[in-house]
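Okay, so here's the structure we're looking at.
There are 2 protein chains.
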Amino acid sequence: MNDKTLSAAARLAVGLVHYPVVNRDGNTVTSSVTSLDVHDFARVCRTYGVGGLYIVTPLEAQARLVERLIGHWTAGYGSTANPERKEALTGVKVVDTIEDMLDNFGLGIEGAVVMVTSARPGPDTVSYAEGRKALEKAPRAALLFGTAHGLARPAMEMATIRLAPIPGVREYNHLPVRSAASIIMDRLLGQGG
Amino acid sequence: MNDKTLSAAARLAVGLVHYPVVNRDGNTVTSSVTSLDVHDFARVCRTYGVGGLYIVTPLEAQARLVERLIGHWTAGYGSTANPERKEALTGVKVVDTIEDMLDNFGLGIEGAVVMVTSARPGPDTVSYAEGRKALEKAPRAALLFGTAHGLARPAMEMATIRLAPIPGVREYNHLPVRSAASIIMDRLLGQGG
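Which chain is which? The protein sequence lines are A and B, in order.
Position 49, counted from 1, in the first sequence is what our numbering calls 79; the numbers after and before it change by one each time, with no gaps.
Position 14, counted from 1, in the second sequence is what our numbering calls 44; the numbers after and before it change by one each time, with no gaps.
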């Protein structure tokens, strides 16, 4: 594929990750898929022209649930009742692991970027302006969001770029993953002042 | 109150409006309260330091539902099980009408701003950069979000400032109100690059 003809958004895949993530106590867990997250992520990705949305879960029953949801809205009754949802959910993929997502989207090429975000400050984070520039240059890129209390260390370590936390006022920083993803995609891909 | 000591965010009230809104066919309806919207709005408002969050619904049964939800998380079992939710939901108010919201937050003063957003382009919309400046100058401000398919005309006409739609790619523009509100609050109040 000739990626040079694609926009930065179209060269980007977004991953909604349910494993490996951490719970409130910092233990690594597999979170449950929330169907509303799938809908919201699909609509935001579609709005910004993101090239692919991957729902990452190793649990087969959960994967089947998401596939049934996608089928309902893209081929079943919902596809005629609500065509905007069909448009948003078309092309959403369910995969077992982050590695499968990266393989499927062709991230194994030189210069590919894997970007993660975190609600917790840490070393070596970059600003959104820098993240935006990196996406413009990258031939392919992935942006991973952790459900529950965020991505576990093995997922964080797959990143080539770690974005700074969204600056909250005072110390409160407990955005829903749906909100954080909306804000981050707008900061990285949005247009207009 | 001495508003000069408050930040622009603290002088701002956000309204999640369930009446008057339009449905898919453009008819004016009262939408149902989605408890998840209340949670998400509360967490985003808390993150950006917004001065007040108002859930606007004329339906008494719906108002009681929201008050029970708030009570559970701020005084009931949830307040100890999940203190971040307590913090987010403390101070969320349920009111019958937009007018009640404006009265309650002291919007009847000179120079007060009432800001609305729309998914549809229209005349006299302003950019987010301009909206940000207006909030910095205003002694008090309100920012109204319509559920369902958006605010109905009488609500739009209460506005002193109408924000431009969030620019989506191509023609698709069907963001969930949760996502739109997250992005708009970040554009108007967010910090950092």
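Glycine included, C-beta positions come from ideal geometry on N, C-alpha and C.
Please confirm whether isoleucine 85 of chain A and valine 68 of chain A have their CB atoms less than 8 Å apart.
Yes; because the gap between Cβ atoms is below 8 Å, this pair is in contact.
For the beta strand (DSSP E) that contains glycine 176 of chain A, what are its first and last residues?
That run of the beta strand (DSSP E) goes 171 to 176.
Between asparagine 203 of chain A and chain B, is the shortest Cβ-Cβ distance under 8 Å, so that the two count as touching?
yes
Use the C-beta contact count for threonine 147 of chain B: other C-beta atoms within 10 angstroms, 16 or more gives buried, fewer gives exposed.
buried
Taking glycine 81 of chain B as the query, report the chain A residues whose CB atoms sit under 7 Å from its CB, ordered along the chain.
What glycine 81 of chain B touches in chain A: nothing, since even the nearest Cβ is about 11 Å away.
Arginine 150 of chain A and proline 88 of chain A - do their beta-carbons sit closer together than 8 Å?
no
To the nearest angstrom, how far is it from the Cα of lysine 116 of chain A to the Cα of serine 109 of chain A?
Those two C-alpha atoms are separated by around 5 Å.
Provide the residue span of the beta strand (DSSP E) that contains glycine 141 of chain A, from first to last.
Segment: none, glycine 141 of chain A is in no beta strand (DSSP E) and carries neither H nor E.
Which ranges does the alpha helix (DSSP H) cover as unbroken runs of at least 4 residues, wholly within the stretch 31 to 95 of chain A, from first to last along the chain?
The qualifying runs are 65 to 78.
Is proline 50 of chain B a contact residue of the ligand ZN, with contact defined as CB to any heavy atom under 7 Å?
The ligand ZN is absent from the structure shown, which contains no ligands of any kind.
Closest to leucine 218 of chain A by C-alpha separation, out of A/Gly180, A/Thr104, A/Gly141, A/Gly79, would be which residue?
Measuring from the Cα of leucine 218 of chain A, the nearest candidate turns out to be A/Gly79.
Give a yes or no on whether 8 Å exceeds the smallest Cβ distance from glutamate 22 of chain A to chain B.
Residue 22 of chain A falls outside the range modelled here, since chain A spans only 31 to 223, and no answer is possible.
Got a sec? Which residues, its chain only, sit under 7 Å from histidine 102 of chain A by beta carbon, not counting five neighbours each side?
Gly108
Which of helix, strand or coil does DSSP assign to threonine 110 of chain A?
Correct three-state label for threonine 110 of chain A: helix.
May I ask you to list, following chain order, the residues of the stretch 113 to 124 of chain B that have a beta carbon less than 9 Å from some beta carbon of chain A?
Glu114, Arg115, Glu117, Ala118
Can you tell me whether isoleucine 100 of chain A is buried or exposed? The criterion is at least 16 other CB atoms within 10 Å of its CB, across all chains shown.
buried
Compute the Euclidean distance between the alpha carbons of methionine 31 of chain A and threonine 190 of chain B, then round it to the nearest angstrom.
Caution is warranted here: a pLDDT of 47 is assigned to methionine 31 of chain A, below 50, making its placement in the model unreliable, and the coordinate value is therefore given only provisionally. Distance between the alpha carbons of methionine 31 of chain A and threonine 190 of chain B: 49 Å.
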